[in-house]
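Engineer: For the record, in the sequence shown the residue sitting at position 416 is 1204 according to my numbering, with numbers rising by one throughout.
Backbone N, C-alpha and C define an ideal beta-carbon position, used for all residues, glycine too.
Predicted, not measured: the structure shown is a model, and the values here were computed from it.
Structure below; questions to follow.
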Amino acid sequence: MLVYDDVKKLRLKYDISQTKLSEFSGFSKAQISAWELGKKVPIESEMIKLNDVLKDTVLKINQGTLDVKKKKVQTNKMRKSLPSKIKDKEQYNFLCKNINYSSKYAKNLSQLYKDAMSFKGVAAVKGIALFSGCGGMTLGFEAAGVNLLGHVEIDDSANRIYSENFPKSKLLGKDICKITDEDLHKWIDVFGEIDIIVGGPPCQGFSLAGKRNPKDERNKLYKQYVRIVTVIRPTIFVMENVALMTSMKDESGNLFIDRIEKSFSENGYSVIKKIVNAFEYGVPQSRERVIIVGIRNELKNKLFDFKDAEYQLKNSGVTKRALTFRDATHDLQSIENGERSLNDPLHWAVNHPEHVINWLKNVPEGHSAHENKNPLLRPPSGFNTTYKRNIWDQPCSTISTNFSMISGCRNVHPVNTRALTIREAARIQSFPDEFVFCGNWGNIRKAIGNAVPPILAKAIASEILEQIF
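Structure (structure tokens):
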């Protein structure tokens, strides 16, 4: 058996890069680098596995069945052929025509998309989406069998993405504050009785990523949600927001969540709320959110209960193992700083400064460049959650709108030294590869980061359909 001092010699002899060896063995590039530099010594089981992988790789190279020199990606020198934005569904489908689904997770997302796009018929539960964003919640609810006939969204770029994916949905208004009660009665005339209203008012005013300012006007948009529910009188409504909403206080020192519950209660709805984590529902991401469900009081025989979590971090026998970063992205091409995939227009890496790459290139997964022993390789400012790698075999950290910033909170790939790509973020948010993203790259990132994960939305919608309808 090889000793670890010989690993680098054999790797270099056969032109096997650390990235390739990491891909073949499952060990992170940081681990392999640390072994070769003598910073760490692999334990016996790791050495046995590495030995077997190298033997197999060398055998395939000698047999001519493996070409490790074949480049999987194109570097930033080829970036000229990458569009600065995607115009519409037609261009998106053309650019994505060579994508192959080679993982179970990608195939499951593909099926979710097909379920959402299938015709539901006149008997379907009918709904409207408020603060619809690019359609993450809509995709999940439609996949479960709810027919969302119209939507309200103020952001033009999000509306473009929404309309490309849900062309039958009617844009009922942009600024929710300008929608009158007369408009609402017209909705009823057009659609008939509305069974469900869904949506998540902007969360930036409640989030730690914002200033958590009690006077932030966005914190009061829930009042518009209450007003529309009060006029439309759906059987049930679903509101989503960041979990920190439950601890945010208003100018008077009262909890916003209590004000929201009271507003719905005074207008004839019984409310149940729960803080959930997206990974508990099959999303490969740790993303805490509060879900508020309200049922019209006249329906005294109708109750709603949040089901127990189906997924946990460890398989207990009763629950399934939570999906991980690896589950979501392992079939995507391995790319480094400034490189791009050959067949996926959303899978390309931002070109980060060389000094930042030097800070991060030997950082193990789950750790931050701020933890480097050499002070010269530590960022001059920030927290231990910044310049930090995700972990392959755990759910990804929360996808925010700044996921492409390598200096952001836990935005670094577990193995490659770069921030997350748009495709990785979309997968981790549980958007199928068929879902059309259009607009410039900044608008696409914002839409993905703000979205409700479709898999989470589908799980909640399925429970509502089963228990209420």
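Consult DSSP for T807 and reduce its assignment to one of helix, strand or coil.
Structural biologist: If DSSP states are grouped into helix, strand and coil, T807 belongs with the helices.
Engineer: What first and last residue would you give for the beta strand (DSSP E) that runs through E1028?
Structural biologist: Per DSSP, E1028 belongs to the beta strand (DSSP E) from 1024 to 1030.
Engineer: In the DSSP assignment, the beta strand (DSSP E) including H973 goes from what residue to what residue?
Structural biologist: H973 -> not in any beta strand (DSSP E); alpha helix (DSSP H) instead, spanning 969 to 979.
Engineer: Compute the distance between the beta-carbons of D983 and T1023, then report whether it is under 8 Å.
Structural biologist: Cβ distance < 8 Å, so D983 and T1023 count as in contact.
Engineer: Beta carbon of N1125, beta carbon of R1206: below 8 Å?
Structural biologist: Yes, these two residues count as a Cβ contact at 8 Å.
Engineer: Would you mind reading off the limits of the beta strand (DSSP E) that contains R1084?
Structural biologist: From DSSP, the beta strand (DSSP E) with R1084 extends over 1076 to 1084.
Engineer: Hey, how far is the Cα of V829 from the Cα of W823?
Structural biologist: The alpha-carbon atoms of V829 and W823 are separated by roughly 6 Å.
Engineer: For E1197, name the three-state secondary structure that DSSP assigns.
Structural biologist: Rather than Glu, the amino acid found at residue 1197 in this sequence is Cys. Three-state result, C1197: strand.
Engineer: How far does the beta strand (DSSP E) with I1063 in it reach, from first residue to last?
Structural biologist: Where I1063 is concerned, the enclosing beta strand (DSSP E) stretches over 1057 to 1065.
Engineer: Are the beta-carbon atoms of I942 and M1027 separated by less than 8 Å?
Structural biologist: It is not a contact, given that the beta carbons lie outside the stated cut-off.
Engineer: With which residues is T744 paired in a DSSP beta bridge?
Structural biologist: Residue numbering for the chain in the displayed model covers 789 to 1257; residue 744 lies beyond these limits and cannot be assessed.
Engineer: Please report the distance separating the alpha-carbon of L1134 from that of H1201.
Structural biologist: If you take the alpha carbons of L1134 and H1201, they lie about 16 Å apart.
Engineer: Does DSSP put M866 in a helix, a strand or coil?
Structural biologist: In this prediction, M866 scores a pLDDT of 45, lower than 50, which makes its location untrustworthy; no coordinate-derived value is stated.
Engineer: Name the DSSP bridge partner or partners of H1261?
Structural biologist: Past the boundaries of the shown model lies residue 1261; the chain is included only from 789 to 1257, so the question cannot be answered.
Engineer: Out of T1174, E1153, A1235, L1101, which one is the CA nearest neighbour of D944?
Structural biologist: D944 has its Cα closest to that of A1235, out of T1174, E1153, A1235, L1101.
Engineer: DSSP state of G928, grouped into three classes?
Structural biologist: G928: helix per DSSP, three-state reduction.
Engineer: Would you tell me roughly how many angstroms separate the C-alpha atoms of N1150 and R1166, rounded to the nearest one?
Structural biologist: So the two alpha carbons sit approximately 12 Å from each other.
Engineer: Along the chain, where does the alpha helix (DSSP H) containing I1216 start, and where does it finish?
Structural biologist: Run containing I1216: 1210 to 1216, per the alpha helix (DSSP H) assignment.
Engineer: How should H939 be labelled, buried or exposed, when 16 other C-beta atoms within 10 angstroms of its C-beta is the threshold for buried?
Structural biologist: Looking at its Cβ environment, which holds 16 or more other Cβ atoms inside 10 Å, H939 is buried.
Engineer: What is the residue span of the alpha helix (DSSP H) that G1258 lies within?
Structural biologist: Residue 1258 falls outside the range modelled here, since the chain spans only 789 to 1257, and no answer is possible.
Engineer: Counting pairs of beta carbons, one from the stretch 903 to 912 and one from the stretch 924 to 935, are three or more of them closer than 8 Å?
Structural biologist: Yes, the stretch 903 to 912 is in contact with the stretch 924 to 935.
Engineer: Please classify R1075 as buried or exposed, where buried requires at least 16 neighbouring CB atoms within 10 angstroms.
Structural biologist: Buried is the call here.
Engineer: By the three-class DSSP mapping on this structure, what secondary structure does Y1013 have?
Structural biologist: Note: Y1013 maps to helix in three-state DSSP.
Engineer: Run through the stretch 1099 to 1164 for me and flag every whole alpha helix (DSSP H) of 4 or more residues, listed as ranges in chain order.
Structural biologist: For the stretch 1099 to 1164, whole alpha helix (DSSP H) runs of length 4 or above, ordered along the chain, are 1113 to 1117, 1142 to 1148.
Engineer: Roughly how many angstroms separate the alpha carbons of N1190 and N1162, rounded to a whole number?
Structural biologist: In a straight line, the C-alpha of N1190 is about 28 Å away from that of N1162.
Engineer: Report all residues from its chain with a CB closer than 7 Å to the CB of V841; omit the five preceding and five following residues, and keep chain order.
Structural biologist: Here the set comprises F812, S813.
Engineer: Determine the burial state of H1140: buried for a count of at least 16 other Cβ atoms within 10 Å of its Cβ, exposed for fewer.
Structural biologist: Looking at its Cβ environment, which holds 16 or more other Cβ atoms inside 10 Å, H1140 is buried.
Engineer: Quick one: measure Cβ to Cβ for A1247 and G1070, integer angstroms, because I've assumed they're closer than 8 Å.
Structural biologist: About 7 Å separates the two Cβ atoms, so the contact holds.
Engineer: My understanding is that K974 touches L937, with C-beta atoms under 8 Å, so please give their C-beta distance in whole angstroms.
Structural biologist: The Cβ separation is near 13 Å, so there is no contact.
Engineer: Can you tell me whether D1221 is buried or exposed? The criterion is at least 16 other CB atoms within 10 Å of its CB, across all chains shown.
Structural biologist: Under this definition D1221 is a buried residue.
Engineer: Just to confirm before moving on: does the CB-CB distance between I1187 and A1213 stay below 8 Å?
Structural biologist: Against a cut-off of 8 Å, the Cβ pair of A1213 and I1187 comes out as a contact.
Engineer: So, using beta-carbon positions, are I964 and Q1012 closer together than 8 Å?
Structural biologist: Yes, they are a contact pair.
Engineer: Return the chain-ordered list of same chain residues with a C-beta closer than 7 Å to the C-beta of N1204, the five sequence neighbours on each side being excluded.
Structural biologist: These residues qualify, in order along the chain: S1122, I1123, E1124.
Engineer: Beta carbon of E1068, beta carbon of Y1099: below 8 Å?
Structural biologist: The answer is yes: Cβ separation under 8 Å.
Engineer: What does a CB cutoff of less than 7 Å around K817 pick up in its chain, not counting 5 residues either side in sequence?
Structural biologist: Same-chain partners within the cutoff: Q806, T807, S810, V1203.
Engineer: Taking C-alpha atoms, which residue in Y1175, V1144, P1168, V1138 lies nearest to G1154?
Structural biologist: The shortest Cα separation from G1154 among Y1175, V1144, P1168, V1138 belongs to Y1175.
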